[in-house]
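K.L.:
Here the UniProt record's numbering is used: the first residue of the sequence shown is 1, the next is one more, and so on.
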Amino acid sequence: MPFLATEKLLLAIEAELKAQGMWSATEPGAAAMASQAPFACDSMAFEAWLQFILLPKMRTLIDAEMPLPSAIATAPMAEHVWGEAPTYRNLITLLRTLDELLTKQAR
Numbered sequence: 001m002p003f004l005a006t007e008k009l010l011l012a013i014e015a016e017l018k019a020q021g022m023w024s025a026t027e028p029g030a031a032a033m034a035s036q037a038p039f040a041c042d043s044m045a046f047e048a049w050l051q052f053i054l055l056p057k058m059r060t061l062i063d064a065e066m067p068l069p070s071a072i073a074t075a076p077m078a079e080h081v082w083g084e085a086p087t088y089r090n091l092i093t094l095l096r097t098l099d100e101l102l103t104k105q106a107r
């Protein structure tokens, strides 16, 4: 399992969210956190999903040395949400790298 490489990417994603001013001090409400929609797209912004759902869940798996997801596609959603805006290019690249790392480790 590529725990170390994954944790480094998670830290880089967190840093980029903060650098872009997308990091929130306020967690979404319980109903938003319970969303069953992909990326909780019906109840929160994608960057909130990254911060409050993806990053904590991935860190929980890493800390417990549990299997990491093998089919993850965050970059396509990021591209859908943020398009080709140069501001988000680095964040999209980090998400694509995470997707590729987790998909590759599953093979």
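Positions of the beta carbon are idealized from the N, C-alpha and C atoms, including for glycine.
Note that the structure is a prediction, hence the values are computed from the model and not measured.
Could you compute how far the alpha carbon of L10 sits from the alpha carbon of S43?
P.N.:
23 Å
K.L.:
Run the CB neighbour count on M66, radius 10 Å, all protein chains shown included, and call it buried at 16 or more, exposed below.
P.N.:
exposed
K.L.:
In whole angstroms, what is the alpha-carbon distance linking C41 and L102?
P.N.:
22 Å
K.L.:
Quick one: Cα of Y88 to Cα of A64, how far?
P.N.:
31 Å
K.L.:
Which ranges does the alpha helix (DSSP H) cover as unbroken runs of at least 4 residues, wholly within the UniProt domain "YqcC-like" (7-101), from first to last along the chain?
P.N.:
Taken in chain order, the complete alpha helix (DSSP H) segments of 4 residues or longer contained in the UniProt domain "YqcC-like" (7-101) are 30-33, 46-49, 55-63 and 74-82.
K.L.:
How big is the Cα-Cα spacing for A30 and F52?
P.N.:
11 Å
K.L.:
I need the straight-line Cα distance from Q105 to L4, nearest angstrom please.
P.N.:
13 Å
K.L.:
Pop quiz: R96 and A75 are said to be a contact at Cβ under 8 Å. What is the actual Cβ separation, rounded to whole angstroms?
P.N.:
4 Å
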